[in-house]
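J.: The structure under discussion is supplied below as structure tokens; questions concerning it will follow.
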Amino acid sequence: MQESPMSLPTWLARGMADLFPAGDPEDENLALAARLAVARQQNRPLRVKLGIDPTGSDIHLGHSILFRKLRSFQDAGHTAVLIIGDFTARIGDPTGKSATRVQLSRDDVASNASTYLRQLGQDQPKQTALLDFETPGRLEVRYNSEWLEGMDLPAVISLLGTSTVGQMLAKEDFSKRYGTGTPIALHEFLYPLLQGYDSVAVNADVELGGTDQKFNVAMGRDLQRHFGKSTQFGLLLPILTGLDGVQKMSKSLGNTVGLEEDPLSMYSKLEKVDDAAINDYMTLLTDLDPQTLPENPREKQKAMALAVTASRHGLDAARKAQADAARLVGGAGDAQADVPEASLAEVNFPAKAFYLLSAVGLCASSSEARRQIKGGAARLDGQKIVDPNREFASVEELEGKVLQLGKKTFRRLRV
């Protein structure tokens, strides 16, 4: 679809939850389609901002929704401006938090930032990377310490003067905490302002964010206006539901699929996504046309899982993972399956089954391992382990066998 003042291209509109402002379709300051059309006429790429605070070390598929949209802008010829919030991460985004976050050290932030960039595709060919790091002019990686760390006190006071306490308390998270008497540290009010100032510093035309980031994105527009800049559009995408089909995808909830998970683990988890979430996963994580997919929910699950796994590991690896998963779930140990390995080097023998599951990392604790075994979730080479106290005498008894937990997790045991 071609851009026009009246419509958005399909690649941009896909999966979009909110776009603001959405005013006069002929005005490039009030309608994104109009700004796209003007940019095309002027042969000027838009500057599309996405800010990430490296407060952790892993990126999961829920995070990837925003990066996929950013990549779509890149592929359409626009400039992705990826802001690493190395300064703001030391404050921590209060969005969705019921208490003041622990502030990270500079070293922690730097280490996490390096890990993020690698996962996004730095030093990888663009065909397999989440973002295009190769094509000249398509990506700027900026660190917001570049403009925030040198701010003196008069500049900070001036920035604080652009907002009111009432505006800050209108933010849902602050409002809830204030209403319940939960402390709000003053530095937390700075976060939306500093994040918004990033848009001023990089002259953003568009800012991407999740639906929970509307306050912060709108703050960027306000500050651009205050500083006499052209104002950005806010393009918000949904928050991905986790594997449980209920809560948002979050590592703390244990319902994630990591970007760097092996093909078998990724496919096996995605193939079991709740029926109600399949369409969202397909829309937000793939380029599949819904009209071409089978109506049967089970077959649609497989098609979605295959497409997502292929986007990260290639189609051949995804197809092998699909075949391996079918054989393993069917009860075959399958010596030829590409199963991630777990080391037995630190396991003390003789070893009971409940201890083995926790020692190789399939369960967080021995008590959880006992529950899983009693619930019928544990298998060894396709054979159910029924007794948590079943004893394995030596490493030779387990070498090369596949230990399975449920229908999503498999490990080949190695010395």
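Residues in the sequence shown are numbered from 1 upward in steps of one, following our numbering. No residue lacks a Cβ here, since even glycine has one placed at the ideal position from N, Cα and C. Bear in mind the structure is a predicted one, so any value in this text is a computation, not a measurement.
#1: In this structure, does DSSP put S394 in helix, strand or coil?
#2: With DSSP as the reference, identify every bridge partner of T128, one or two as the case may be.
#3: Is the segment 252–264 touching the segment 49–61, taking contact as three or more C-beta pairs under 8 Å?
#4: In the DSSP assignment, the beta strand (DSSP E) including R411 goes from what residue to what residue?
#5: Does the segment 65–85 come within contact of the segment 263–278, defined as at least 3 CB pairs closer than 8 Å?
#6: Starting from Q119 and walking both ways along the alpha helix (DSSP H), at which residues does that stretch end?
#7: Mapping the DSSP letters down to three states, classify L437 as helix, strand or coil.
#8: Compute the distance between the beta-carbons of M304 and M282, then report whether it is under 7 Å.
#9: Measure the C-alpha to C-alpha separation of T182 and L403 and round it to an integer number of angstroms.
#10: For Y178, write down the residues that DSSP places opposite it in a beta bridge.
#11: Using the Cα positions of F174 and L190, report the straight-line distance between them to the nearest angstrom.
#12: Check the C-beta distance from L120 over to F87 and give it rounded, since I have them as a contact under 8 Å.
#13: Which residue from H63, L36 and P45 puts its Cα closest to that of H78?
#14: In the DSSP assignment, the alpha helix (DSSP H) including Q404 goes from what residue to what residue?
#15: Starting from the C-beta of E3, find all residues in its chain whose C-beta is less than 7 Å away, skip the five residues before and the five after it, and write them out in chain order.
#16: Can the beta-carbon of S329 be found less than 7 Å from the beta-carbon of A342?
#17: For A419, count neighbouring C-beta atoms within 10 Å of its own C-beta (all shown protein chains included) and say buried if the count is 16 or more, exposed if not.
#18: Have a look at T309 and P340 and give me their C-alpha separation to the nearest angstrom.
#19: Go ahead and label V273 buried or exposed: buried means 16 or more other beta carbons lie within 10 angstroms of its beta carbon, across all protein chains shown.
#20: Whose C-beta lies closer than 7 Å to the C-beta of V109 among residues of the same chain, with five residues either side of it excluded?
#21: Mind reading off the beta-carbon distance from N203 to K176? Whole number of angstroms is fine, and I expect it under 8 Å.
#22: Can you give me the C-alpha to C-alpha distance between R14 and S64, rounded to a whole angstrom?
#23: Give me the Cα-Cα distance between P5 and N29, rounded to the nearest whole angstrom.
#24: What three-state label does DSSP hand T79 in the structure shown?
#25: Which whole-angstrom value is the C-beta distance of M151 and L193, which I expect to be below 8 Å?
#26: Does DSSP put D212 in a helix, a strand or coil?
#27: Mind checking which residues open and close the alpha helix (DSSP H) that includes E368?
#28: Are at least three pairs of beta-carbons, each pair with one atom in the segment 350–358 and one in the segment 373–393, less than 8 Å apart?
#29: By DSSP, does G234 sit in helix, in strand, or in coil?
#30: To the nearest angstrom, how far is the alpha carbon of K374 from that of P388?
#31: Do D222 and G51 come within 7 Å of each other at the CB atom, strictly closer than that value?
#32: Could you have a look at F354 and say whether DSSP puts it in helix, strand or coil?
#33: To test your reading of the DSSP string, which unbroken beta strand (DSSP E) runs of 3 or more residues are found completely within the segment 13–98?
#34: If Q224 sits next to V200, beta carbons under 8 Å apart, how far is it from one beta carbon to the other, in whole angstroms?
#35: Report, in whole angstroms, the separation of the C-beta atoms of A378 and L405, which I expect to be a contact under 8 Å.
#36: Return the first residue and the last residue of the beta strand (DSSP E) that R379 is part of.
T.: Reading it off the structure:
#1: S394 falls in the coil class under three-state DSSP.
#2: Paired residues: none, contrary to the question.
#3: Yes, the segment 252–264 is in contact with the segment 49–61.
#4: Membership of R411 in the beta strand (DSSP E) is indicated by the continuous run T409 to R414.
#5: No contact exists between the segment 65–85 and the segment 263–278.
#6: Residue range R106 to L120 is occupied by the alpha helix (DSSP H) that includes Q119.
#7: With the chain covering 1 to 415 only, the question about residue 437 has no answer from this structure.
#8: Taking C-beta atoms as the reference points, M304 and M282 count as a pair closer than 7 Å.
#9: In this structure, the CA atom of T182 is about 46 Å from the CA atom of L403.
#10: According to DSSP, Y178 bridges with nothing at all.
#11: Taking C-alpha positions only, F174 is separated from L190 by approximately 12 Å.
#12: That pair is no contact at about 20 Å.
#13: Ranking the options by Cα distance to H78, first place goes to P45.
#14: From DSSP, Q404 is part of no alpha helix (DSSP H) but of the beta strand (DSSP E) over V402 to L405.
#15: Note that E3 has pLDDT 39, beneath the 50 cutoff, so the model's placement of it is unreliable and no number is given.
#16: Sequence check: residue 329 is Val here, not Ser. No.
#17: Here the chain covers residues 1 to 415 and nothing more, so residue 419 does not appear.
#18: Rounded to whole angstroms, T309 to P340 spans 15 Å at the Cα level.
#19: Within 10 angstroms of the beta-carbon of V273 lie 16 or more other beta-carbons, which makes it buried.
#20: For V109, where only same-chain residues beyond five positions count, the Cβ hits under 7 Å are P54, D86, A89 and R90.
#21: Contact check for N203 and K176: beta-carbon distance about 34 Å, past the 8 Å limit, so the pair fails to qualify.
#22: The straight-line gap from Cα to Cα measures roughly 15 Å.
#23: Caution applies to P5, whose pLDDT of 39 falls short of 50 and renders its modelled position unreliable; the value that the coordinates give is listed next. P5 and N29: Cα-Cα distance of roughly 12 Å.
#24: Look at T79 here: in three-state DSSP terms it is strand.
#25: Rounded to the nearest angstrom, the Cβ distance from M151 to L193 is 11 Å, too far for a contact under 8 Å.
#26: Looking at D212 - three-state DSSP - the assignment turns out to be helix.
#27: Here the alpha helix (DSSP H) through E368 covers S366 to K374.
#28: Touching, per the Cβ criterion.
#29: In the three-state scheme derived from DSSP, where H, G and I count as helix and E and B as strand, G234 is classed as strand.
#30: Rounded to whole angstroms, the gap between the alpha carbons of K374 and P388 is 7 Å.
#31: The beta carbons of G51 and D222 sit no closer together than 7 Å.
#32: F354 falls in the helix class under three-state DSSP.
#33: Runs found: 18–20, 47–52 and 79–84.
#34: For Q224 against V200, the beta-carbon gap comes to about 5 Å, under 8 Å, which counts as contact.
#35: A378 to L405, Cβ: 6 Å. Contact.
#36: It spans A378 to L380 - the beta strand (DSSP E) in which R379 sits, taken as one unbroken run.
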